[in-house]
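Visitor: What follows is a single structure, and I will ask about it in a moment.
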Amino acid sequence: MKFVVLYNIDYRPDIHKSPAHYYGQILEQVEILEELGFDGVWFGEHHYNGYSFGNPALIATAAALRTSRIRLGTGVSLVPLHHPLKLAEEYGMLDVLSNGRLDYGVGKGFMSYAYDLLGVDQNESSERFREGVKFIEAAWASNGSFNFAGKYFQVKNYHYFPKPIQNPPPIYAAAARTADSYVWAGANGYHLCTSFFSPETDSIRNNIQLYRQAALANGHDPATRNIGGVVQMYCAATKAEALRDGGKFAKNYYRFFGDIDKLGSRPVVGERFENIDVAEFDQRNQVLLGDPDDLIRRIGQIRDYFGANMLYFEIAQGGASREEVLRAIDLFGKEVLPSFQQHGNHHT
Numbered sequence: 002m003k004f005v006v007l008y009n010i011d012y013r014p015d016i017h018k019s020p021a022h023y024y025g026q027i028l029e030q031v032e033i034l035e036e037l038g039f040d041g042v043w044f045g046e047h048h049y050n051g052y053s054f055g056n057p058a059l060i061a062t063a064a065a066l067r068t069s070r071i072r073l074g075t076g077v078s079l080v081p082l083h084h085p086l087k088l089a090e091e092y093g094m095l096d097v098l099s100n101g102r103l104d105y106g107v108g109k110g111f112m113s114y115a116y117d118l119l120g121v122d123q124n125e126s127s128e129r130f131r132e133g134v135k136f137i138e139a140a141w142a143s144n145g146s147f148n149f150a151g152k153y154f155q156v157k158n159y160h161y162f163p164k165p166i167q168n169p170p171p172i173y174a175a176a177a178r179t180a181d182s183y184v185w186a187g188a189n190g191y192h193l194c195t196s197f198f199s200p201e202t203d204s205i206r207n208n209i210q211l212y213r214q215a216a217l218a219n220g221h222d223p224a225t226r227n228i229g230g231v232v233q234m235y236c237a238a239t240k241a242e243a244l245r246d247g248g249k250f251a252k253n254y255y256r257f258f259g260d261i262d263k264l265g266s267r268p269v270v271g272e273r274f275e276n277i278d279v280a281e282f283d284q285r286n287q288v289l290l291g292d293p294d295d296l297i298r299r300i301g302q303i304r305d306y307f308g309a310n311m312l313y314f315e316i317a318q319g320g321a322s323r324e325e326v327l328r329a330i331d332l333f334g335k336e337v338l339p340s341f342q343q344h345g346n347h348h349t
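My numbering puts the first residue of the sequence shown at 2, with every later residue one more than the last.
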C-alpha cells in the first residue's frame, strides 16, 4: 500500500493564524511526512472561502524545495477551469524543480460554485476536461513545435517549455459518480483516484472493475496502475480518542464544504453531511478514525474490498490544530506505516 496525505484543507484564522503562518505549518508537516516515510503529499485546488489552494503548483513547488524523496501531487487540478497551455507549463516546471516527483491528479471538480466564479459553463466540463488533459499530454511529449486543434483549445507552432524530467509525469484521473469516468480513465491508461468516503461502496467497487476492464481492452496493464481513494483519517492512542477528536474534525469539514456547495448554481451535496453519525461512518470505513491496530485492520479491509493499493488521507481538515495533526501523522507513521511497508500487504 502507498499512503498519501491530501491537503484539501479549510483555512480557519482562529486555528491557523495568518496566511504565512498557515502555509508555514503545512510545509513543516510535509517535511515530517517525508521523514516518517509517507509516499506522497497532494494539494487540492479550490477558489473560495480559504478552501485548499488557488494554485496547487505553487505550494507543491515550495514543498519540493524542502524535500528530496516524497512525491508531490494534485488532488486534483481542475483542468476545465484553465487553459491547458498554462497547466502544462506550470506542472512541467514543478516536475523539473522537484527532480521528477510530480504525480499529476486531474479532475473536473463537483462544486458548481467554482464554475460560477470563473465564468466557465459547467455543461462543457467533461469535454473541456478530456480535451485539456490530451493537450497537456501532447505538450509534455512534444519536441520542438506542435499543433493542437480541439473544440475548445487550439495552438499552432507552439514551442512548449520546460520538458518534464519524467517521460511523462504520471496522470491520476479522478472518477467518482459515473461509470463513464472510470472507463475513460482506464481506456487512457491513467492511474485512478476515487472517493472511499462515499456510501455507494458497491457501486465504486463495480466501477473500479470497469476501469480495469477498460484498461485491459486498450492495451494497458491495470496491475501497473495505482488505484486509490480519498478518506478522512485520524490516528490516536485509543479508539475513543480518535472517534472524539477525529469525529469532531470530520463533522466540521463536511459542514464546511456542504455550505460552500450550497453557494453554487447546482448544489449536489444537499443535506447528506449536515448531521452525520461519525461512529456509523467509521463502522462503514467511510472515515478511518482509530488507534494503530484498528487502522491496520481496516486499511487491509479497504485494500481487499476495492482492490486498491493507494490511500489519500485527509488529516488536517476541520479545525485540527498543528499539534493534533502532528500527533496523528507521527503515530500513524511510526505504528501503522511499517506494518505495510516492511511486511508486505498481508493484513486482513
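For each residue, glycine too, the CB sits at the ideal point set by N, CA and C.
Using 8 Å for Cβ pairs, my map puts D11 next to Y254. What's the rounded Cβ distance?
Guide: Their Cβ separation, rounded to whole angstroms, is 6 Å, which keeps D11 and Y254 in contact under 8 Å.
Visitor: At which residues does the beta strand (DSSP E) containing E315 begin and terminate?
Guide: M311 to E315 is the span of the beta strand (DSSP E), which, as asked, contains E315.
Visitor: When the Cα atoms are used, what is the spatial distance from F257 to G45?
Guide: Taking the straight line joining both Cα atoms gives about 15 Å.
Visitor: Going by the CB atoms, is the gap between G93 and P163 shorter than 9 Å?
Guide: The answer is yes: Cβ separation under 9 Å.
Visitor: List, from N- to C-terminal side, the beta strand (DSSP E) runs of 3 residues or more that fit wholly inside the region 256-325.
Guide: With a minimum length of 3 residues, the continuous beta strand (DSSP E) runs that stay inside the region 256-325 are 288-291 and 311-315.
Visitor: Would the region 282-296 and the region 325-342 be scored as touching if the rule is three or more Cβ pairs under 8 Å?
Guide: Yes, since at least three Cβ pairs between the region 282-296 and the region 325-342 fall closer than 8 Å, the two stretches touch.
Visitor: Excluding the 5 residues flanking S19 on each side, which residues of the same chain have their C-beta closer than 7 Å to its C-beta?
Guide: There are no such residues.
Visitor: So, for Q26: in the same chain, excluding its five sequence neighbours on each side, which residues have a beta-carbon less than 6 Å away from its beta-carbon?
Guide: Answer for Q26: R323, listed in chain order.
Visitor: Evaluate the contact criterion for the region 220-234 versus the region 309-325: three or more CB pairs, one atom per stretch, below 8 Å.
Guide: Because the criterion of three Cβ pairs below 8 Å is met, the region 220-234 and the region 309-325 touch.
Visitor: Report the option in A140, A142, M234 and P81 whose CA atom is closest to the CA atom of A175.
Guide: The residue with the shortest Cα to Cα distance from A175 is P81.
Visitor: Counting only beta-carbon atoms, is R323 nearer than 9 Å to chain C?
Guide: Absent from the structure: chain C. Only one protein chain is present.
Visitor: Here's the rule: buried if 16 or more other CB atoms are within 10 angstroms of the residue's CB, otherwise exposed. What is E275?
Guide: Exposed, because fewer than 16 other Cβ atoms sit within 10 Å of the Cβ of E275.
Visitor: Touching or not, the region 194-209 and the region 113-132, by the rule of three or more beta carbon pairs under 8 Å?
Guide: Output reads no: the region 113-132 does not touch the region 194-209.
Visitor: Contact check, Y138 vs F154 under 8 Å by CB: the rounded distance?
Guide: According to the sequence displayed, residue 138 carries Glu and not Tyr. Contact flag wrong, Cβ pair sits at about 13 Å.
Visitor: Taking a contact to mean a Cβ-Cβ separation below 9 Å, would you say G106 touches N9 in this structure?
Guide: Not in contact: G106 and N9 (Cβ atoms no closer than 9 Å).
Visitor: In the DSSP assignment, what residue or residues form a beta bridge with G41?
Guide: V5 and R72.
Visitor: Going by beta-carbon coordinates alone, are M2 and R304 separated by less than 9 Å?
Guide: In contact: M2 and R304 (Cβ atoms closer than 9 Å).
Visitor: Quick check: what's the CA-CA separation for D52 versus I261?
Guide: It should be pointed out that residue 52 corresponds to Tyr in this sequence rather than to Asp. The alpha-carbon atoms of Y52 and I261 are separated by roughly 9 Å.
Visitor: In chain order, what residues of the same chain lie with their CB nearer than 7 Å to the CB of G110, ignoring the 5 residues before and after it?
Guide: Contacts found: L79.
Visitor: What distance in whole Å lies between the Cβ atoms of H48 and A150, which are believed to be in contact at a cut-off of 8 Å?
Guide: Between H48 and A150 the Cβ distance is about 29 Å, and since that is not below 8 Å, they are no contact.
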